[in-house]
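Asker: If you read the protein sequences in the order shown, they are chains D, B and Z. Per our numbering, numbering of the first sequence is gapless, rising by one per residue and ending at 1534. Per our numbering, numbering of the second sequence is gapless, rising by one per residue and ending at 626. Per our numbering, numbering of the third sequence is gapless, rising by one per residue and ending at 391. Backbone N, C-alpha and C define an ideal beta-carbon position, used for all residues, glycine too. The structure presented is a predicted model; accordingly, all values stated were derived computationally and were not measured.
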Amino acid sequence: MSHVILEVDNLVKRFGGLVATDHCTLEVKAGEIHALIGPNGAGKTTLLAQLSGELASDSGRILFEGKDITALPIHQRVAAGIARSYQITTLFPKLTVLENLALSVQARTGHSFDFLGTVTDETDLLDGALETAERIGLTDVLNTIVATLSHGRQRQLELGMAIACKPRLLLLDEPMAGTDPEESQRMGDLLNTLREDHTIVLVEHDMDAVFRLADRISVLVSGRVISSGTADQIRNDPLVIGAYLGEEESDKSGA
Amino acid sequence: MNPTPFNTAGAVQTPFTQGLPGPWTAILVAVALAIYPLIMSSLGQDFYINLGSRVLIFALAASALNLALGYGGMISLGHAAFLGIGGYVVAVLANNGVYGAWLSFPLAIGMAAATAALIGVVSLRTKGVYFIMITLAFAQVFYYLAISLPDFGGDDGLQMSARSTVPGLDLSSALSFYFFVFFTAGLAFVLLYRLVASRFGRAIVAIRENERRMAAIGYPVMRLKLAAFTLSGGLCGLAGALLANASTSITPHTLTWHQSGLLIVMVILGGSGYFWGGLTGAAVYLLLEETIADHTEHWNLVLGALLLFIVMAAPNGVMSLRQQLAKLLGRKPESDATPLAVTANEGEAK
Amino acid sequence: MTYLIIEQLLNGLQYGLMLFLLAAGLTLVFGIMDLINLAHGSLYMIGAFLAAAFYQAIGSFFPALLLAIVFTALIGIILERLLYRHLQRMSHLSQVLATFALILIANETVKIIFGAQPLMIGMPASLSGAIEIVPDELYYPSYRLLIIVVGLAVALGLYLLVNRTRIGMWMRAGASNPDMTAVMGVRIKPLFTFVFALGAALCALAGALLGPLLAVSVGMGESILIPAFEVIVIGGIGSMRGALVGSLLVGMIDTVGKLILTLGLRTVFDSATASTLGPTLASMSVSLLMVAVLYFRPTGLFPARG
């Protein structure tokens, strides 16, 4: 089995009296799609923000490729190879698809402090942006203003923004959020094609998608990982059934 | 220029492409501004040459603010501080017998930029209303300093016995001073153009549009904003140095928050986030003030009413008024050349 | 010396409480409506001018004070209906511009109506003397004591209003989370109007009370606006407690700081230099306090929003 790319060791995040991440420990192996599931308020989004660097951790460590990145600011984590997407679409709505993607590429290629270099030669940005557009299937709307795209396509671009950073580790926060079944299917296929080049941590509420895509699953309850394993192991773990799946089931039958 | 299909020429207007001038617009503006004083001079109208100098100086100050406010989205209510610092550096040096522009101007720019960097480090940590307030408070500190330090002349400010000296140039006449301002500000405008058309400029605009995403895709957002704020402050300092020379004096009034407000007014009048916004705004403001103040002593009442109207009718300023007008007339908004477009000339050709 | 300091402490308290009258309205408008109102000081100026005008017309202080409060509150309501309600939905930049415009308009209008000369308000004859606080040692003007008493009473009243009444509960909810408040079904528009009228009335109260002590003049609004802003930023936008603590802090630093700095500077500079430098450094130290507070607590001492 491949090496551990991301190691979360006793990570803690408190908001006042509330412990959102409670000594969370987690291992993600290189090349896998690792799903993070858990009931609402389990702290999935908080954990993701700590991994990406948006939230500072109170204690514990995050190791990426064996290096301690707990104190690194966001942009250095991106440079190290970690990029994230958002549950709520967070794009540049007034810019075109190509301009959005080019921004991601520009961050990677540097030159953002190149005050006086006139931007006549855009080949490097363009190549990177086009490459990503092809991967996420948005080549037909390159020059379209993002705000005018459908929700499903915006979700694709949301993912593309992270991919264009060329990360080794992708942190995806509910990529299927708000999509219809067809769009959701397409997103699932897309994620499947990404596993060749990226390790993926996937937070997702769509359980069918999770069990279809994930190599391994970790279950987060009250800021702690209570169980980690393959889809089958998780399905049959009594702890998980008690804490999470049971509740989901009863939700479903109740609805 | 290397043609790329990047935002295929003017196909769509985005914050990256709007308001950037093509070379022909720039040349036209430069030629017009160079001919203007010659005409006025032949008519013996020194007053209008001096007015022209003031317009160019405030155009520079407003454009400097535009970099932070229009492009970077940092609503600074304290840019008068940088204007004042630039002016006071020149005036204090002059009062100590140092008139050489080669020393006083770089020092004015440097002091203003250094102050902007310091203010930026503290204030960029805050957001929204807090940022507006903290820049205002910082500027007040410099106002208090100026009115209290005897070396700075207190309430009366400082007089200079002559303008700064530039080797081979006599700045005492209205015409020669105008051209000194013209070339200095012109250089600054070239620099500003290169800034906003560079990848740095694009990063700044994108941070204005979505700071969170910019951080998430790996930009050092804080450092970029600080760089823009510092550059903005430095250029405002240059405007201050010119301003002190224009009237051979500087008063604490230059440091008041009223002045900071007026700079914002100019940016908005001209179009925030548009390259010519500062120049247009300064020209419109100063010319309006000249004309209206001739007819009524209640110029501020007119200005206030005009501002209220602009905020309610066209929150993006005169430039967007122009676009709305064009839309009303059923025409596509006029588009200047675009930084990501195929060639810079296409926008002009229209 | 001790009595001099006590006197200055009382002056600081008096100045702080007047600042609080402005800051209370400002912080509520900021907090509940998320609206930056540069023209708050103009309401203070308008209140002072109305009080002066009514005083000259009827020659009696307290009725003039009451009339000024009522009319300024009315002006506040009209402004809220015509302008602020719309501004509330706009960007901070638009708010800065529009309220800046309002300052220009207010200053110019007042100048047209009342002229450029400062107006005077006579203080009530019964309060023009001084009260002996420590026999033969410490006298304090009764009028300034009245201001302190009124200020404390208003502070208490606001505390009760905000913490003990239904409308106060809405105000607190609005300041901590405006969207939630709307969802909860609080009718937010009448609340805005009420808050605005209250803020305007408090401005007028401060302006009219300070009238006999200061000259009532155009531009008086701007000179008190900056400290009022500093107060609410130090205290935390939207927080009534923050506004009170901030006001007293700023009032004390400004007043007592002036005295101590001037005396201290006299040991270094000649007395003329010290007398100009002292007050300036005191004003500067208030600005610097605000900067320091924001550096360590970017949302102020008592943040209203979680």
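1. Under a three-way DSSP split, which group does residue 1516(D) fall into?
2. If the criterion is Cβ atoms closer than 8 Å, does the pair residue 284(Z) and residue 155(Z) meet it?
3. Between residue 352(B) and residue 340(B), is the Cβ-Cβ spacing less than 8 Å?
4. Distance cutoff 8 Å, beta carbons only. Does residue 505(B) sit that close to anything in chain D?
5. Kindly indicate which three-state DSSP category residue 441(B) falls into: helix, strand or coil?
6. Applying the criterion that 16 or more other CB atoms from any shown protein chain within 10 Å of the CB defines a buried residue, is residue 255(Z) buried or exposed?
7. According to DSSP, is residue 1282(D) helix, strand or coil?
8. Distance, Cα to Cα, residue 223(Z) vs residue 331(Z)?
9. Taking only the alpha-carbon atoms, compute the straight-line gap between residue 238(Z) and residue 102(Z) and give it to the nearest angstrom.
10. Could I get the ranges of all uninterrupted alpha helix (DSSP H) runs contained in the region 1393-1434 of chain D, with 4 residues as the minimum, in chain order?
11. Identify each residue in the region 188-211 of chain Z for which the Cβ-Cβ distance to at least one residue of chain B is less than 9 Å, and report them in chain order.
12. Measure the beta-carbon distance from residue 121(Z) to residue 171(Z) and round it to whole angstroms, keeping in mind my assumption that it falls under 8 Å.
13. May I ask you to list the residues that DSSP assigns as paired with residue 628(B)?
14. Return the residue from the list 290(B), 436(B), 379(B) and 414(B) that minimises the CA-CA distance to residue 443(B).
15. Please classify residue 369(B) as buried or exposed, where buried requires at least 16 other C-beta atoms within 10 Å of its C-beta.
16. In chain order, what residues of the same chain have a beta carbon less than 8 Å from the beta carbon of residue 354(Z), not counting five sequence neighbours either side?
17. Using DSSP with H/G/I as helix, E/B as strand and the rest coil, what is residue 1346(D)?
18. What would DSSP say about residue 1365(D), mapped onto helix, strand or coil?
19. If you follow the alpha helix (DSSP H) that residue 452(B) is part of, which residue opens it and which one closes it?
20. Name the residue from 131(Z), 141(Z) and 194(Z) whose alpha carbon lies nearest to the alpha carbon of residue 208(Z).
21. Secondary structure at residue 513(B), three-state DSSP: helix, strand or coil?
22. Taking 8 Å as the CB-CB cut-off, is residue 570(B) touching chain D?
23. Give me whichever residues DSSP pairs with residue 1503(D) in a beta bridge.
24. At which residues does the beta strand (DSSP E) containing residue 1448(D) begin and terminate?
25. List the whole-angstrom C-beta distance separating residue 525(B) from residue 433(B), where the pair is believed to meet the contact cut-off of C-beta under 8 Å.
26. Got a sec: is the Cβ-Cβ distance from residue 484(B) to anything in chain Z below 8 Å?
27. How is residue 360(Z) classed by DSSP in three states: helix, strand or coil?
28. Between which two residues does the beta strand (DSSP E) containing residue 561(B) stretch?
29. Taking the alpha-carbon positions, what's the residue 1301(D) to residue 1500(D) distance?
30. Given that residue 424(B) touches chain Z, what residues does it touch there, using C-beta distances under 7 Å?
31. In the DSSP output, which residue or residues are listed as bridge partners for residue 225(Z)?
32. Taking the C-alpha atoms as reference points, what is the distance between residue 378(Z) and residue 1292(D)?
33. Any idea what DSSP makes of residue 1481(D), helix, strand or coil?
34. Using a Cβ cut-off of 8 Å (strictly closer), state whether residue 402(B) contacts chain Z.
35. Have a look at residue 622(B) and residue 295(B) and give me their C-alpha separation to the nearest angstrom.
36. Residue 1291(D) bridges to which residues according to DSSP?
Answerer: To lay it out plainly:
1. Sequence index remark: in the first sequence, residue 1516(D) carries index 237 (1-based). Three-state result, residue 1516(D): coil.
2. Along the third sequence, read from residue 1 onward, the residue named residue 284(Z) stands at position 199. Along the third sequence, read from residue 1 onward, the residue named residue 155(Z) stands at position 70. No, Cβ-Cβ distance for residue 284(Z) and residue 155(Z) is not below 8 Å.
3. Counting from one through the second sequence, the residue named residue 352(B) turns up at place 76. Counting from one through the second sequence, the residue named residue 340(B) turns up at place 64. No, these two residues do not count as a Cβ contact at 8 Å.
4. Within the second sequence, the letter at position 229 stands for residue 505(B). Not one beta carbon of chain D lies nearer than 8 Å to the beta carbon of residue 505(B).
5. Against the second sequence, residue 441(B) aligns to sequence position 165. Strand.
6. Against the third sequence, residue 255(Z) aligns to sequence position 170. Per the 10 Å Cβ criterion, buried.
7. For the purposes of this step, residue 1282(D) is taken as residue 3 along the first sequence, with counting starting at 1. Residue 1282(D) falls in the coil class under three-state DSSP.
8. Taking the third sequence and counting its residues from 1, one reaches residue 223(Z) at position 138. Taking the third sequence and counting its residues from 1, one reaches residue 331(Z) at position 246. Their backbone Cα atoms lie some 28 Å apart in a straight line.
9. Taking the third sequence and counting its residues from 1, the one referred to as residue 238(Z) is at position 153. Taking the third sequence and counting its residues from 1, the one referred to as residue 102(Z) is at position 17. One C-alpha to the other measures close to 10 Å.
10. 1402-1415
11. 188, 189, 190, 191, 192, 193, 194, 196 and 197
12. What you label residue 121(Z) is simply residue 36 of the third sequence in a count that begins at 1. What you label residue 171(Z) is simply residue 86 of the third sequence in a count that begins at 1. Not really, about 14 Å apart at Cβ, beyond 8 Å.
13. A question about residue 628(B) goes unanswered here, because the residues of chain B that appear run from 277 up to 626.
14. Taking the first residue of the second sequence as 1, we reach residue 443(B) at position 167. The option with the nearest alpha carbon to residue 443(B) is 379(B).
15. Counting from one through the second sequence, the residue named residue 369(B) turns up at place 93. Buried.
16. Taking the first residue of the third sequence as 1, we reach residue 354(Z) at position 269. Closer than 8 Å at Cβ, skipping near neighbours: 362.
17. For this step, residue 1346(D) is matched to residue 67 along the first sequence. Shown here, residue 1346(D) sits in a strand according to DSSP, grouped into three states.
18. Working through the first sequence from its first residue, we reach residue 1365(D) at position 86. In the structure shown, residue 1365(D) sits in coil (DSSP, three-state: anything other than H, G, I, E or B).
19. Here residue 452(B) refers to the residue found at position 176 of the second sequence. It spans 450-473 - the alpha helix (DSSP H) in which residue 452(B) sits, taken as one unbroken run.
20. Within the third sequence, residue 208(Z) is the residue found at index 123, counting from 1. The candidate whose alpha carbon is nearest that of residue 208(Z) is 141(Z).
21. As a position in the second sequence, residue 513(B) is number 237, starting the count at 1. The answer is helix: DSSP assigns residue 513(B) an H, G or I state.
22. Working through the second sequence from its first residue, we reach residue 570(B) at position 294. By this cut-off, residue 570(B) is not an interface position.
23. Within the first sequence, residue 1503(D) is the residue found at index 224, counting from 1. By DSSP's assignment, residue 1503(D) forms a beta bridge with 1500(D).
24. Reading the first sequence from its first residue, position 169 is the one you call residue 1448(D). Start and end: 1448-1452.
25. On the second sequence, position 249 is the one that residue 525(B) refers to. On the second sequence, position 157 is the one that residue 433(B) refers to. Right, the Cβ-Cβ distance comes to about 6 Å (below 8 Å), so this counts as a contact.
26. By one-based count along the second sequence, residue 484(B) stands at place 208. Answer no: the Cβ-Cβ gap between residue 484(B) and chain Z never drops below 8 Å.
27. The residue labelled residue 360(Z) in the question sits at position 275 within the third sequence. Residue 360(Z) falls in the helix class under three-state DSSP.
28. Here residue 561(B) refers to the residue found at position 285 of the second sequence. Not the beta strand (DSSP E): residue 561(B) falls in the alpha helix (DSSP H), residues 553-571.
29. Position 22 of the first sequence, counted from the start, is the residue given in the question as residue 1301(D). Position 221 of the first sequence, counted from the start, is the residue given in the question as residue 1500(D). Cα-Cα distance, rounded: 9 Å.
30. Numbered from its first residue, the second sequence carries residue 424(B) at position 148. Chain-ordered, the chain Z residues with CB closer than 7 Å to the CB of residue 424(B) read 361, 362 and 365.
31. In the third sequence, counting from the first residue as 1, residue 225(Z) sits at position 140. Its beta-bridge partners are 216(Z).
32. Reading the third sequence from its first residue, position 293 is the one you call residue 378(Z). Reading the first sequence from its first residue, position 13 is the one you call residue 1292(D). Cα to Cα, residue 378(Z) sits roughly 25 Å from residue 1292(D).
33. In the first sequence, the residue the question calls residue 1481(D) occupies position 202. Residue 1481(D): strand per DSSP, three-state reduction.
34. The residue given as residue 402(B) occupies position 126 in the second sequence. Output row for residue 402(B): interface = yes.
35. In the second sequence, residue 622(B) corresponds to position 346, counting from 1. In the second sequence, residue 295(B) corresponds to position 19, counting from 1. In this prediction, residue 622(B) has a pLDDT of 31, which is less than 50 and means its spatial position is unreliable; what the coordinates show is noted afterwards. Separation of residue 622(B) and residue 295(B) (C-alpha to C-alpha, rounded to the nearest whole angstrom) is 14 Å.
36. Locating residue 1291(D) in the first sequence gives position 12, where the first residue counts as 1. For residue 1291(D), which the question treats as bridged, DSSP gives the partners 1338(D).
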